[in-house]
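Colleague: Mind having a look at this structure? Questions to follow.
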Amino acid sequence: MLYGRQAEQAAIERLLAEARAGRGGALTISGDPGVGKSALLDFAAGCAHDATVLRTNGLQSESELPYAGLHQLLRPLLSRVGDLPEAQAAAVRAAFGLMPLRPTDRLQVVLGALTLLSEAANERPVGCLVDDLQWLDRPSVDALSLLARRIQDESVLLLMATRPSDVASLPGVAELRLLGLDAQASGELLADQHPELSQEVAERIVRETGGNPLALSELPGALSESQQAGVDPLVGPLPLPECILQHYAKQLARIEEPTRQLLLALAADDAGDLAAALRVVRPLGIGIEALDSALAGGLVRTEETIAGPRAAFRHPLLRAAVYRSASLSRRLAIHRALADALDPELEPDRRAWQLAAAAVGPDEVAADELERSGLRALQRGAPSSAAVALEKAARLTSAVETRARRLVAAAGAANRAGHPVRAEALADEAEQVAGSVVTQARIRHLRAAIAFDSGEPGTAYRWLTTDLQQVSAEDPELAAVMLVDAAKNAWFSNDPGRAAEASQALAAVVLPPHSRRASLVRTVLKLTDQLELLTGTGSHAQPQRHEAEEVPSAEQEPLELVLRAVASIATADDVAGSEAAEAAVQRCRSAGRLDLLVLALQVLATVDVLVGRHQFARANAAEGLELANALGLTNRTCHFQVLLAWLDAVAGRAESCRELATAALGHAEARKIAPTVAFGRWALSLLDLGLGRPAETLDQTRPFVNGSAEHPLVMIMRTPDLVEAAARLGRTDELKDELEQLSAWAASSGLARARALDARCRALVADDADEAGGLYAEALALHDEADHTGQSRPFDRARTQLLYGEWLRRQRRRAEARSPLRAALNTFEQLRAEPWIRRAESERRAAGSTRRPGVTGPRTELTPQEVQVARLARGGASNREIGAQLFLSPRTVGYHLQNVFRKLGIRSRIELAQTEDEILVRND
Numbered sequence: 011m012l013y014g015r016q017a018e019q020a021a022i023e024r025l026l027a028e029a030r031a032g033r034g035g036a037l038t039i040s041g042d043p044g045v046g047k048s049a050l051l052d053f054a055a056g057c058a059h060d061a062t063v064l065r066t067n068g069l070q071s072e073s074e075l076p077y078a079g080l081h082q083l084l085r086p087l088l089s090r091v092g093d094l095p096e097a098q099a100a101a102v103r104a105a106f107g108l109m110p111l112r113p114t115d116r117l118q119v120v121l122g123a124l125t126l127l128s129e130a131a132n133e134r135p136v137g138c139l140v141d142d143l144q145w146l147d148r149p150s151v152d153a154l155s156l157l158a159r160r161i162q163d164e165s166v167l168l169l170m171a172t173r174p175s176d177v178a179s180l181p182g183v184a185e186l187r188l189l190g191l192d193a194q195a196s197g198e199l200l201a202d203q204h205p206e207l208s209q210e211v212a213e214r215i216v217r218e219t220g221g222n223p224l225a226l227s228e229l230p231g232a233l234s235e236s237q238q239a240g241v242d243p244l245v246g247p248l249p250l251p252e253c254i255l256q257h258y259a260k261q262l263a264r265i266e267e268p269t270r271q272l273l274l275a276l277a278a279d280d281a282g283d284l285a286a287a288l289r290v291v292r293p294l295g296i297g298i299e300a301l302d303s304a305l306a307g308g309l310v311r312t313e314e315t316i317a318g319p320r321a322a323f324r325h326p327l328l329r330a331a332v333y334r335s336a337s338l339s340r341r342l343a344i345h346r347a348l349a350d351a352l353d354p355e356l357e358p359d360r361r362a363w364q365l366a367a368a369a370v371g372p373d374e375v376a377a378d379e380l381e382r383s384g385l386r387a388l389q390r391g392a393p394s395s396a397a398v399a400l401e402k403a404a405r406l407t408s409a410v411e412t413r414a415r416r417l418v419a420a421a422g423a424a425n426r427a428g429h430p431v432r433a434e435a436l437a438d439e440a441e442q443v444a445g446s447v448v449t450q451a452r453i454r455h456l457r458a459a460i461a462f463d464s465g466e467p468g469t470a471y472r473w474l475t476t477d478l479q480q481v482s483a484e485d486p487e488l489a490a491v492m493l494v495d496a497a498k499n500a501w502f503s504n505d506p507g508r509a510a511e512a513s514q515a516l517a518a519v520v521l522p523p524h525s526r527r528a529s530l531v532r533t534v535l536k537l538t539d540q541l542e543l544l545t546g547t548g549s550h551a552q553p554q555r556h557e558a559e560e561v562p563s564a565e566q567e568p569l570e571l572v573l574r575a576v577a578s579i580a581t582a583d584d585v586a587g588s589e590a591a592e593a594a595v596q597r598c599r600s601a602g603r604l605d606l607l608v609l610a611l612q613v614l615a616t617v618d619v620l621v622g623r624h625q626f627a628r629a630n631a632a633e634g635l636e637l638a639n640a641l642g643l644t645n646r647t648c649h650f651q652v653l654l655a656w657l658d659a660v661a662g663r664a665e666s667c668r669e670l671a672t673a674a675l676g677h678a679e680a681r682k683i684a685p686t687v688a689f690g691r692w693a694l695s696l697l698d699l700g701l702g703r704p705a706e707t708l709d710q711t712r713p714f715v716n717g718s719a720e721h722p723l724v725m726i727m728r729t730p731d732l733v734e735a736a737a738r739l740g741r742t743d744e745l746k747d748e749l750e751q752l753s754a755w756a757a758s759s760g761l762a763r764a765r766a767l768d769a770r771c772r773a774l775v776a777d778d779a780d781e782a783g784g785l786y787a788e789a790l791a792l793h794d795e796a797d798h799t800g801q802s803r804p805f806d807r808a809r810t811q812l813l814y815g816e817w818l819r820r821q822r823r824r825a826e827a828r829s830p831l832r833a834a835l836n837t838f839e840q841l842r843a844e845p846w847i848r849r850a851e852s853e854r855r856a857a858g859s860t861r862r863p864g865v866t867g868p869r870t871e872l873t874p875q876e877v878q879v880a881r882l883a884r885g886g887a888s889n890r891e892i893g894a895q896l897f898l899s900p901r902t903v904g905y906h907l908q909n910v911f912r913k914l915g916i917r918s919r920i921e922l923a924q925t926e927d928e929i930l931v932r933n934d
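Note that my numbering has the sequence shown beginning at 11, numbered continuously upward.
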């Protein structure tokens with residue numbers, strides 16, 4: 011019976027009702043030990059009589075075993091794993107130890123879990139109940155956190171009980187904070203369970219326990235009869251929870267020695283493995299009958315599972331009392347015996363941790379086992395567990411260099427798990443003892459990786475280029491990877507000189523034959539050459555193109571494809587950039603490479619912005635932002651924010667644009683992330699230009715044009731905006747250098763789209779009317795040429811048409827002005843570029859045209875996620891395949907598709923396949 015929890019019970023009943031209606035939800039119940047969290051989970055299980063109830067309990071002994079908690083939760087559904095898409099099924103089986111190890115991405119595991127829950131929820135609602143989350147292994151906690159964000163459209167309820175200090179591990183999940191019972195409910199509990207208490211003693215227990223239900227139930231049993239009756243005074247404060255531990259210790263003292271020995275074996279490995287515990291005590295002549303008195307006394311309970319009978323203590327404090335009542339030597343002996351009792355082939359990870367618990371100093375056997383356990387955790391996509399295992403292995407290692415190597419590995423795993431602060435601390439410790447050049451280099455490489463994702467990229471260059479000759483001699487592949495990162499970080503820090511320096515050093519590295527790094531090195535060298543062209547630090551000759559290398563191939567790594575896309579952006583080669591970026595995203599989705607998927611989505615969204623696929627850019631940026639937030643990649647997060655700010659600037663959403671740009675710039679400027687700073691400033695200046703504020707456009711951006719925070723690539727792309735603003739104010743002389751750089755870039759690229767922008771800008775600053783008219787005509791002809799070569803950028807073309815129409819009207823050639831103005835208006839309406847629509851419409855009226863209706867056809871109003879679903883569905887992907895790529899359940903994909911059909915006014919995938927891109931992106 012629950013006392014005083016009516017409000018909490020009502021909240022759980024509401025969530026269950028929502029889940030039955032197809033609206034899933036998640037709730038964390040937090041509170042101190044004994045406050046009643048487990049009782050509320052039991053209440054939820056009792057209410058969910060019409061649902062599939064799945065339960066898991068965090069076990070301290072399994073907190074280092076990756077996915078142990080998730081495995082326990084999903085065990086009743088594992089018969090369905092064979093029905094999952096291949097990648098998900100393989101990831102789930104590998105994570106749960108149901109097949110030989112293979113490299114596994116954690117999001118594929120989560121997606122497999124989501125699909126299992128979704129399929130089960132198609133039959134009846136599903137209630138997932140998680141107790142003692144604070145003892146759950148970290149990969150399972152991360153999986154539950156991601157699941158909580160994906161079940162809104164499922165008939166699934168996720169209830170998790172944990173300590174208040176662990177609530178932060180579930181960001182964004184609603185919290186129900188459980189406090190002690192009030193005086194009335196506490197009194198009712200004591201009156202029902204301990205009627206022998208005097209009124210005065212009962213009131214003191216209520217007061218000093220703070221209404222903790224466990225303490226209220228157990229504490230009276232620790233008092234003598236005379237103390238319960240109030241005859242003997244209770245001197246001093248009641249020691250909690252020590253008093254409860256003492257109470258349990260008194261109970262244990264009354265049981266027989268064989269039972270205590272068996273309970274100690276269970277307490278030393280709270281996985282509840284009864285068979286292993288019996289193997290430990292069997293040499294002492296103790297059998298299963300020793301458990302009878304513990305069961306009779308309610309100290310433990312047993313349950314049948316697929317893996318065999320399990321035993322669990324009534325409460326974690328009872329387990330602690332059993333463990334603490336034994337001597338240190340006895341506890342160490344039990345851990346060693348448990349390690350010997352566990353099968354090294356079937357349960358190597360549990361055995362490794364038992365060996366570690368039995369160690370009293372350096373122990374190479376335990377350290378080796380733990381290192382192997384950590385490597386297995388990495389393969390299963392559980393870097394958090396790997397970090398813990400590798401760190402413990404280092405602590406048990408006596409050889410200094412081996413300890414340093416294991417600390418570096420632990421730091422790398424911690425960083426992959428999204429814990430850069432812990433990674434830095436481990437790297438600091440490793441640096442103090444590392445002696446070899448290679449180990450020191452790995453430490454610096456790790457620091458640079460942390461800086462790139464969540465720190466200051468510019469600080470990484472020194473770490474990546476120190477002692478490179480020695481590193482190259484001992485480990486040329488490590489040297490090559492570090493120099494690749496050095497070039498990348500130098501570019502992100504807007505330091506082309508260092509990028510060229512790193513590239514030269516990279517070219518000198520002699521890789522072993524058939525090195526898997528060779529193709530990546532060639533790509534980076536080519537990228538650096540192209541960026542030198544752009545910045546003017548290298549030759550202005552047209553770079554040689556190797557067509558065979560330009561086409562994305564199945565052998566290329568996702569990172570290589572990402573870098574090819576970046577190189578294409580630098581030379582305004584839209585076709586190559588789109589192909590490489592799309593291929594990188596597809597490759598990352600198929601392989602489940604989340605870290606690289608975020609980077610690939612960043613590049614693809616940037617390409618989409620530049621080529622005018624604004625709604626696709628918004629969809630990719632929104633997806634990337636969610637993933638970057640989930641993975642803690644703060645530098646990637648702020649870049650997605652500035653991309654969305656730029657799109658809001660085009661759409662005239664001033665408040666949202668400024669909010670996103672300001673948030674991102676605060677982070678990016680502090681860390682000197684040049685491309686993000688430049689894109690954010692570009693978004694703000696474009697917003698002012700679109701809103702008819704040319705002075706603010708120039709005044710806001712002038713400090714960044716030649717300043718260290720500007721990035722040359724974006725500066726060139728933004729130059730047409732600055733020239734347009736300056737032309738309106740008669741201040742074009744101020745941009746002489748920028749115009750020259752734009753002309754040099756356009757000429758070196760050889761691309762019609764680039765030369766069209768250059769011609770438009772020269773037309774704006776031309777003094778002679780004939781010259782200006784000729785340059786506008788040249789710009790439009792170049793836009794036509796770009797159309798034929800797949801390099802068209804609709805937003806740029808429409809702005810050229812708008813400026814030409816405005817110029818024609820000012821030249822009193824109103825009839826000629828109407829055609830380019832009409833074309834510009836059509837494009838702006840397709841892009842939903844509201845400020846530009848208003849400006850083009852105003853110019854058309856001034857040119858003598860009457861107002862025309864807007865673009866005909868459906869206003870789709872697709873959300874970014876609906877756009878992603880629609881694009882994949884048009885390509886023939888099934889709901890399951892779409893879900894696998896977008897990390898959604900098939901049920902959620904179906905929900906989005908129904909919305910797409912309704913908004914587009916169609917009824918089938920066949921009709922969707924016939925829908926043009928421009929209909930999908932004709933969006934608010």
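Yeah, the Cβ is synthetic: ideal placement off N, Cα and C, and Gly gets one too.
Can you say whether G34 is buried or exposed, counting buried as having 16 or more other CB atoms within 10 angstroms of its CB?
Modeller: As a first step, residue 34 is located in the sequence shown; it is residue number 24 there, counting from the start. Under this definition G34 is a buried residue.
Colleague: Given a cut-off of 7 Å on the beta-carbon distance, is the pair L896 and Q908 in contact?
Modeller: Mapped onto the sequence shown, residue 896 falls at position 886. Mapped onto the sequence shown, residue 908 falls at position 898. Not a contact, by the Cβ cut-off of 7 Å.
Colleague: Put V595 into one of helix, strand or coil per three-state DSSP.
Modeller: Here the question's residue 595 lines up with position 585 in the sequence shown. Looking at V595 - three-state DSSP - the assignment turns out to be helix.
Colleague: What are the start and end residues of the alpha helix (DSSP H) that includes P393?
Modeller: What you label residue 393 is simply residue 383 of the sequence shown in a count that begins at 1. Looking at the DSSP string, the run of the alpha helix (DSSP H) that includes P393 is P393 to R405.
Colleague: Would you mind listing the alpha helix (DSSP H) stretches within the region 436 to 513 that are 4+ residues and don't spill past its ends, in chain order?
Modeller: 447 to 464, 470 to 475, 478 to 484 and 486 to 502
Colleague: Confirm the yes/no value for this check: CB of Y258, any heavy atom of the ligand GTP, distance under 6 Å.
Modeller: Judged by which ligands are present, the structure shown has none, so any question about the ligand GTP falls away.
Colleague: List the endpoints of the continuous beta strand (DSSP E) containing N67.
Modeller: Within the sequence shown, residue 67 is the residue found at index 57, counting from 1. Where N67 is concerned, the enclosing beta strand (DSSP E) stretches over T62 to N67.
Colleague: Given P804, which residues of its chain have a CB within under 6 Å of its CB, disregarding the five upstream and five downstream residues?
Modeller: Position 794 of the sequence shown, counting from 1, holds the residue named residue 804. The residues are G622 and T837.
Colleague: So, L835 versus A827, is the Cβ gap smaller than 7 Å?
Modeller: Stepping through the sequence shown from its first residue, residue 835 is reached at position 825. Stepping through the sequence shown from its first residue, residue 827 is reached at position 817. No; because the gap between Cβ atoms is not below 7 Å, this pair is not in contact.
Colleague: State the beta-bridge partners of I344 as determined by DSSP.
Modeller: Start at 1 with the first residue of the sequence shown, and residue 344 comes out as number 334. Checking the DSSP bridge columns, you'll see I344 has no partner listed.
Colleague: Give me the DSSP bridge partner(s) of S40.
Modeller: Indexing the sequence shown from 1 puts residue 40 at position 30. T172 and R187, per the DSSP bridge assignment.
Colleague: How would you call G867, buried or exposed, if buried means at least 16 neighbouring beta carbons within 10 angstroms?
Modeller: Counted from its first residue, the sequence shown places residue 867 at position 857. Here G867 scores only 43 on pLDDT, less than 50, and its place in the model should not be relied on; the value that follows carries that caveat. Burial call: exposed.
Colleague: Name the residue from R15, L84 and G107 whose alpha carbon lies nearest to the alpha carbon of P223.
Modeller: Looking up residue 223 in the sequence shown gives position 213. Checking every option, the nearest Cα to that of P223 belongs to R15.
Colleague: To the nearest angstrom, how far is it from the Cα of D359 to the Cα of D438?
Modeller: Numbered from 1 along the sequence shown, position 349 holds the residue referred to as residue 359. Numbered from 1 along the sequence shown, position 428 holds the residue referred to as residue 438. Approximately 27 Å between the Cα atoms of the pair.
Colleague: Express the C-alpha separation of L167 and L26 in angstroms, rounding to a whole number.
Modeller: Counting from one through the sequence shown, the residue named residue 26 turns up at place 16. Counting from one through the sequence shown, the residue named residue 167 turns up at place 157. Distance between the alpha carbons of L26 and L167: 7 Å.
Colleague: Excluding the five sequence neighbours on either side, which residues of its own chain have a C-beta within less than 7 Å of the C-beta of R890, listed in chain order?
Modeller: The residue labelled residue 890 in the question sits at position 880 within the sequence shown. If we look at R890 and ignore the five residues flanking it on each side, its Cβ neighbours are P95 and P900.
Colleague: Suppose you measure from the CA of R270 to the CA of Q261; what does that come to, to the nearest Å?
Modeller: Position 260 of the sequence shown, counted from the first residue, corresponds to residue 270. Position 251 of the sequence shown, counted from the first residue, corresponds to residue 261. Here the C-alpha atom of R270 lies approximately 11 Å from the C-alpha atom of Q261.
Colleague: Consult DSSP for P993 and reduce its assignment to one of helix, strand or coil.
Modeller: Only positions 11 to 934 of the chain appear in this structure, which leaves residue 993 out of reach.
Colleague: Counting Cβ pairs closer than 8 Å, one from the region 337 to 356 and one from the region 380 to 394, do we hit at least three?
Modeller: no
Colleague: Under 8 Å by Cβ, that's how I've got G41 and L154 pegged, so tell me the actual separation to the nearest angstrom.
Modeller: Along the sequence shown, read from residue 1 onward, the residue named residue 41 stands at position 31. Along the sequence shown, read from residue 1 onward, the residue named residue 154 stands at position 144. With 8 Å as the limit, G41 and L154 do not qualify as a contact, their Cβ atoms being about 18 Å apart.
Colleague: G700 lies in the alpha helix (DSSP H); which residues open and close that run?
Modeller: Taking the first residue of the sequence shown as position 1, residue 700 is located at position 690. Run containing G700: A684 to G700, per the alpha helix (DSSP H) assignment.
Colleague: Give me the Cβ distance between L792 and A766, rounded to the nearest whole Å; I'm assuming they're in contact under 8 Å.
Modeller: For the purposes of this step, residue 792 is taken as the residue at position 782 of the sequence shown. For the purposes of this step, residue 766 is taken as the residue at position 756 of the sequence shown. The Cβ separation is near 4 Å, so the contact holds.
Colleague: Just to confirm my understanding: we take T4, look at its own chain, exclude 5 residues before and 5 after, and list those with CB closer than 6 Å. What are they?
Modeller: Because the chain in this structure spans residues 11 to 934, residue 4 falls outside the shown range and cannot be described.
Colleague: Which ranges would you report for the beta strand (DSSP E) in the region 250 to 321 if only whole runs of at least 3 residues count?
Modeller: 310 to 315
Colleague: Per the contact definition of three or more C-beta pairs closer than 8 Å, is the region 360 to 375 in contact with the region 293 to 303?
Modeller: Counting Cβ pairs under 8 Å, fewer than three are found: no touch.
Colleague: Under a three-way DSSP split, which group does F911 fall into?
Modeller: Position 901 of the sequence shown, counting from 1, holds the residue named residue 911. Helix, per DSSP.
Colleague: From N132 to S165, what distance separates their C-alpha atoms?
Modeller: Numbered from 1 along the sequence shown, position 122 holds the residue referred to as residue 132. Numbered from 1 along the sequence shown, position 155 holds the residue referred to as residue 165. Straight-line Cα distance between these residues: approximately 8 Å.
Colleague: Does DSSP classify F323 as helix, strand or coil?
Modeller: For the purposes of this step, residue 323 is taken as the residue at position 313 of the sequence shown. Correct three-state label for F323: strand.
Colleague: Report buried or exposed for Q256, applying the criterion of at least 16 other Cβ atoms within 10 angstroms of its Cβ.
Modeller: For the purposes of this step, residue 256 is taken as the residue at position 246 of the sequence shown. By the neighbour-count rule (16 or more Cβ atoms within 10 Å), Q256 is not buried but exposed.
Colleague: Can you check whether the CB of A392 is closer than 7 Å to the CB of P76?
Modeller: Within the sequence shown, the letter at position 66 stands for residue 76. Within the sequence shown, the letter at position 382 stands for residue 392. Their beta carbons are under 7 Å apart, which means P76 touches A392 by this criterion.
Colleague: Using beta-carbon positions only, say whether N630 and A610 come within less than 7 Å of one another.
Modeller: Within the sequence shown, residue 630 is the residue found at index 620, counting from 1. Within the sequence shown, residue 610 is the residue found at index 600, counting from 1. No. Outside cutoff.
Colleague: Using a threshold of 7 Å, state whether the C-beta atoms of V120 and A105 are closer than that.
Modeller: By one-based count along the sequence shown, residue 120 stands at place 110. By one-based count along the sequence shown, residue 105 stands at place 95. It is not a contact, given that the beta carbons lie outside the stated cut-off.
Colleague: Relative to the C-alpha of L157, which residue among R772, L637, V494 and R919 is closest?
Modeller: Working through the sequence shown from its first residue, we reach residue 157 at position 147. Out of R772, L637, V494 and R919, L637 has the C-alpha closest to the C-alpha of L157.
Colleague: Please identify the residue among L108, W145 and V617 whose C-alpha is closest to the C-alpha of L356.
Modeller: Working through the sequence shown from its first residue, we reach residue 356 at position 346. Cα-wise, what sits closest to L356 is L108.
Colleague: Tell whether a beta-carbon distance below 7 Å holds between V608 and A591.
Modeller: Walking along the sequence shown from the start, residue 608 turns up at place 598. Walking along the sequence shown from the start, residue 591 turns up at place 581. No.
Colleague: So what does DSSP say about G92, is it helix, strand or coil?
Modeller: Residue 92 sits at position 82 when you count from the first residue of the sequence shown. In the three-state scheme derived from DSSP, where H, G and I count as helix and E and B as strand, G92 is classed as helix.
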